[in-house]
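Engineer:
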Amino acid sequence: MSEFATPRAVFQRIIDGVTARRPEGLPELYAEDTVVVHPFAEPPSRLEGREALRRHFAQLETLPIEMEARNVVVHQTADPEVIIAEFEYEGRNTDTGRPFVIPNIFVMRVRDGRVVESRDYAHHRAFQEAMA
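Here the sequence shown stands for residues 37 to 168, where the numbers follow the working numbering.
#1: With three or more C-beta pairs closer than 8 Å as the rule, is the stretch 145 to 152 touching the stretch 63 to 74?
#2: Under a three-way DSSP split, which group does G127 fall into?
#3: Going residue by residue through the stretch 54 to 129, where are the continuous beta strand (DSSP E) segments of at least 3 residues, counting only ones entirely within it?
#4: Quick one: what does DSSP say M37 is sitting in, helix, strand or coil?
#5: Distance, Cα to Cα, L83 vs L89?
#6: Return the chain-ordered list of same chain residues with a C-beta closer than 6 Å to the C-beta of P100, the five sequence neighbours on each side being excluded.
#7: For M37, which residues from the same chain have a beta carbon less than 6 Å from its beta carbon, with the 5 sequence-adjacent residues on both sides left out?
#8: Could you check the C-alpha separation between H159 and V108 for me, to the nearest Å?
#9: Smallest Cα separation from F142: which of I119, F136 and A162?
#10: Report yes if the CB atom of V72 is closer than 9 Å to the CB atom of R155, and no otherwise.
#11: Taking the C-alpha atoms as reference points, what is the distance between L96 and V110?
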């Protein structure tokens, strides 16, 4: 496995693409049949397949935000395909100037350089409030 295909490297490329609001390359970091679950979304959501991720990430271009990932800690697990990543998105709404901090925990399985499954525990209500 190349250093660019490790679970940690794939995770880093995802948060770099999200914070830069460059959605075009993000779906390629996921397997064709990937499953991404957002258990804390209201209602909880489940994205299945790369095309669902493409639609999900396309929203980045329309959001009035600028943000960065901070306090990033990646935990290795006994399974070499699985990592647990803790981090926060810190930023501001560019329309209102309102700052926000959104805590996240991702539990990701990466195989052959692509995410095959992920459970993304984000504070979705904080994100909705930041967009208001």
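All C-beta atoms in this analysis are idealised placements derived from N, C-alpha and C, irrespective of residue type, glycine included.
Structural biologist: Put simply:
#1: Yes, since at least three Cβ pairs between the stretch 63 to 74 and the stretch 145 to 152 fall closer than 8 Å, the two stretches touch.
#2: strand
#3: 66 to 74, 81 to 84, 101 to 112 and 118 to 129
#4: For M37, the predicted structure reports a pLDDT of 48, less than 50, and the residue's modelled location is therefore unreliable. A value from the coordinates is still provided. DSSP places M37 outside both helix and strand once states are collapsed to three, so it counts as coil.
#5: 7 Å
#6: N129, T130 and D131
#7: Because the pLDDT at M37 is just 48, under 50, the model does not fix this residue reliably, and the point stays unresolved.
#8: Between the alpha carbons of H159 and V108 lies a distance of about 16 Å.
#9: I119
#10: The answer is yes: Cβ separation under 9 Å.
#11: About 24 Å.
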